[in-house]
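Reviewing the structure listed below.
Numbering (the numbering used here), first residue to last: -6 to 509.
This is how it looks when you write it as structure tokens:
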């Protein structure tokens, strides 16, 4: 039994809970079990495709006997339960409590993990890597501790969670393996969340003051970390490349063009995206536009204005008339009249890692922003977002998804930078760790890192009246990765008109275009 699992006393009606857990996990097991039967032919990395991309996956850390024995209890005593009969029997079962939901998430994770562990064990056997087995066993122990601690925090078991956090701090090292490093960030988030937990018998927890980390001026360390992420990781540069290509297509043959930039790419210094666009407009066939307008939307007015002044001087060198302006407003308070659009100009809206910040439980804030954008009637809306499900209704589910996602990012950093490179530590601890802590420790308005999968964005955009404008740039995207000498392991796939950048089998960031 993994640390932190519910006691037998709390699960006296074990068979009823087994039926419910099995029913909730059927969709996952139906997909994974055929792979387990053919583990000899399987690989550790699952295909990055439409069929597999939504399956939960975490950093490989096998201790095969432990996990398979743990997951085997999922099917024990349930072989005689058919899908139809189990569905029909649910009406007679007692209502699930909060611990039951947590237990179900943990079981589903273990069932999926067992497949990857079996595949990794076979790879280890082929390589004869005893040292690797020791390392992955340590990683598995960390995974178990993190899950048990997350469960204890979710159940407000402060004493048990504190004990687990003490053990985690001793093993989750900032300069350790990729999983040790990502675990250290989740430990910070769990510590913060535990500190805000209210005693049993009360509702909710003491949330920190509301703060939108995308709008408030960041510390010098975070600014430097963002700059390093831009320079070293391909995520933002790749998004800028695709966004600018789509914008150039929309501006083809136009004399008066206007870009509304939501958030100015988190306030990234120097306005890199718009420098590239200015160069491309100046070098395009025919005449450059007679006027280019850029309107930045956000609260960092002074920072944006500095970027704007630099861009105007830069555009002057390319003989382009650039007018830069700032709308001082966060997205939730933005009004249609805040954006001045001239009658004879072509408008595009650019959103790089911004709209997830206004995804709330009620969905009203995001719907309002999308309605305002729709009323502006842009020729195209470019949407770039993290492609992961960090906005689910249950804390433990979000925790698991975030663990999968950021484990992949930290793996990629392992491949790009040496172990003790301080640049990597700065990116991990001052940029990615801030996102992780917000996902793990915050609730309500304070939780702004509400990343969602591209399928969910497709549904949201469709309901708001937008239609997808397919990005037909797969060849150019792959060529860009090659020309930029991006680390081997990054992949690009096309998914229903969107382009998704991933690390091996894990989607990282998705770019899509929309028209009214």
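Backbone N, C-alpha and C define an ideal beta-carbon position, used for all residues, glycine too.
Predicted model only: the values in this text are computed from it and were never measured.
Counting only runs of 3+ residues, the beta strand (DSSP E) found wholly inside the region 209 to 269 occupies 249 to 255, in chain order. Look at residue 413 here: in three-state DSSP terms it is coil, with no helix or strand label. Burial state of residue 167 is exposed, judged by a 10 Å Cβ sphere holding fewer than 16 other Cβ atoms. Taking 8 angstroms as the cut-off, the Cβ atoms of residue 369 and residue 457 do not count as close.
Annotation: residue 334 is outside any alpha helix (DSSP H) and is labelled neither H nor E by DSSP. Residue pairing by DSSP places residue 287 opposite 252, 317 in a beta bridge. When rounded, the separation of the alpha-carbon atoms in residue 449 and residue 379 is 12 angstroms.
Contact between the region 218 to 235 and the region 310 to 317 is not established, with fewer than three Cβ pairs separated by less than 8 angstroms. Taking a cut-off of 8 angstroms on C-beta distances, the region 389 to 409 does not touch the region 343 to 363, as fewer than three cross pairs fall below it.
Within the region 415 to 444, the complete alpha helix (DSSP H) segments of 4 residues or longer fall at 415 to 420, 426 to 434, listed in chain order. Per DSSP, reduced to three states, the secondary structure at residue 390 is helical. Distances from the CA of residue 134 to each of 340, 157, 418 were compared; the closest alpha carbon is that of 157. Taking C-beta atoms as the reference points, residue 383 and residue 303 fail to come closer than 8 angstroms. Remark: fewer than three beta-carbon pairs, one from each stretch, lie closer than 8 angstroms, so the region 485 to 492 and the region 420 to 427 are not flagged as touching.
Of the other Cβ atoms in all chains shown, 16 or more fall within 10 Å of the Cβ of residue 288; this residue is therefore buried.
For residue 329, there is no enclosing beta strand (DSSP E), as DSSP marks it with neither H nor E. Contact between residue 285 and residue 274 holds: their C-beta atoms lie close to 7 angstroms from each other, under 8 angstroms.
Boundaries of the alpha helix (DSSP H) around residue 178: 171 to 189.
DSSP places residue 373 in the uninterrupted beta strand (DSSP E) bounded by 373 to 379. When secondary structure is reduced to three states using DSSP, residue 457 falls in the coil class, being assigned neither helix nor strand. For residue 362, the enclosing alpha helix (DSSP H) has its first and last residue at 357 to 369. Assignment of residue 503 by DSSP, reduced to helix, strand and coil, places it in the strand class.
Comparing alpha carbon positions, the residue from 425, 467, 435, 473 closest to residue 175 is 425. In the DSSP assignment, residue 488 falls within the unbroken beta strand (DSSP E) covering 483 to 488.
In the structure shown, residue 344 falls within a strand segment according to DSSP collapsed to helix, strand and coil. Residue 493: member of the beta strand (DSSP E) spanning 491 to 496, first to last residue.
Around residue 499, the same chain offers 401 as residues with beta carbons nearer than 6 angstroms, after the five sequence neighbours per side are excluded. Residue 339 is bridged by DSSP to 250.
Of all C-beta pairs linking the region 333 to 349 to the region 246 to 260, three or more are shorter than 8 angstroms, placing the two stretches in contact.
Counting the other CB atoms within 10 Å of its CB gives residue 163 a total below 16, which places it among the exposed residues. Counting every other CB atom within 10 Å of its CB across the protein chains shown gives residue 404 a total of 16 or more, marking it as buried.
Looking at the DSSP output, residue 508 sits in a beta bridge with 460.
According to the DSSP assignment, residue 307 belongs to the alpha helix (DSSP H) that extends over 294 to 310. Within the same chain, 237 come within 6 angstroms of residue 270 by CB-CB distance, once the 5 residues on both sides are set aside. In the three-state reduction of the DSSP assignment, residue 132 falls in the helix class, which pools H, G and I. Residue 322 and residue 480 have their C-alpha atoms roughly 38 angstroms apart.
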